[in-house]
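What follows is one structure encoded as structure tokens, with my remarks underneath.
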Amino acid sequence: MRITAKIKNEMISRLEKIYHDTKSALNFNNPFELLVAVILSAQCTDVRVNVTTGRLFKKAATPEAILSLGLDGLEEEIRDCGLFRNKAKNIMKTCQKLHDDYADQVPSDYDELLSLPGVGRKTANVVSSIAFGRPAIAVDTHVFRVSNRLKLAVGNSPEEVEKKLQKAIPVEKWSAAHHWLIWHGRKICKARHPLCQKCPLNDLCPSASLLETPIA
Ligand code: SF4
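Numbering of the sequence shown is given in my numbering, commencing with residue 1210 and proceeding in unit increments.
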């Protein structure tokens, strides 16, 4: 099945209709809280991140305040999130840099965001689009999987998928489409057992017949 530009447009249009009112499931009040939440979200559910940050930000919600917790103190606060030692180290280094170089503010420049410890393209794109309103498509595990299964953007790396999504989706929809693809991945196009029979994109999807799980 060849996925033409017309089919891709139809996929985007349906996703938009279904998920138009979705947004990030992470709780935050400012760019710094969003940045910390996204760093914590690697291999951790948004629900768990929200519990962790809800507790953490009551004690320390600025780079300076987090630095004052010390590495051990921060590890203790975030230990419910996976990879907490590594995340704590990166958050401490990032807080130090924000404190020293940016007066405790998160820079809006994409390359400056990328230069922060623990911040890769996905995190920089999320912060860039959600906190600063820049068009960006962050490719997380859901976006990567759904884009490949639909052949909306086929790639072996998140960066490759990101570049192809940018071609397939109009720029004004990039940031919103990131959320549509995430929610479709969470609710329907699940990693292990995609609900192909219930999927509103079933007739357009080249992977539907391969992955369909029979309804008992
Ligand atoms: Fe995913 Fe199946 Fe829907 Fe294709 S038909 S997008 S594989 S749930």
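Backbone N, C-alpha and C fix where the C-beta goes; we use that ideal spot for every residue, glycine too. The model shown is predicted, which means the values in this text are computed figures rather than measured ones.
Comparing the CB of residue i with every heavy atom of the ligand FMN, is any distance shorter than 7 angstroms?
i	result
Ala1417	Although the ligand FMN was asked about, the structure shown includes only the ligand SF4 as ligands.
When every heavy atom of the ligand SF4 is checked, does at least one fall within less than 7 angstroms of the C-beta of residue i?
i	result
Asn1218	no
Asn1411	yes
Ile1397	yes
Arg1358	yes
Leu1404	yes
Val1355	yes
Cys1159	No answer is possible for residue 1159: the residues shown for the chain start at 1210 and end at 1425.
Cys1408	yes
Might you give, ordered along the chain, the residues of its own chain that have their beta carbon closer than 6 angstroms to the beta carbon of residue i, omitting 5 neighbours on each side?
i	result
Arg1211	none
His1387	Ile1346, Ala1347
Leu1361	Lys1217, Met1220, Ala1377
Asp1349	Lys1331
Please work out which residues of its chain come closer than 8 angstroms, Cβ to Cβ, to residue i, disregarding the five sequence neighbours upstream and downstream, and give them in chain order.
i	result
Glu1381	Pro1344
Gln1375	Ile1346, Trp1383
My guess is that residue i and residue j are in contact by the Cβ rule of under 8 angstroms, so how many angstroms apart are they, rounded?
i	j	result
Ala1297	Leu1280	6 angstroms
Leu1404	Met1220	With a Cβ gap of about 17 angstroms, Leu1404 and Met1220 do not count as contacting.
Ile1248	Gly1364	Actually they are not in contact, since the Cβ atoms of Ile1248 and Gly1364 sit about 24 angstroms apart, beyond 8 angstroms.
His1308	Glu1273	6 angstroms
Asp1313	Thr1271	6 angstroms
Rounded to a whole number of angstroms, what is the C-alpha to C-alpha distance between residue i and residue j?
i	j	result
Lys1232	Ile1391	10 angstroms
Glu1225	Leu1322	28 angstroms
Glu1242	Ser1338	15 angstroms
Ala1333	Leu1325	9 angstroms
Ile1424	Ser1418	Caution is warranted here: a pLDDT of 47 is assigned to Ile1424, below 50, making its placement in the model unreliable, and no coordinate value can be reported.
Arg1223	Ser1317	32 angstroms
Asn1238	Val1355	29 angstroms
Val1336	Asn1236	13 angstroms
Going along the chain, which residues of its own chain have a beta-carbon closer than 7 angstroms to the beta-carbon of residue i, five neighbours each way excluded?
i	result
Val1245	Thr1262, Ile1300
Gln1252	Gly1291, Leu1292
What residue ranges within the segment 1227 to 1261 form continuous alpha helix (DSSP H) runs of no fewer than 4 residues, ordered along the chain? 1240 to 1249
Within the segment 1390 to 1422, note down every full beta strand (DSSP E) run reaching 3 residues or more, in order along the chain. none
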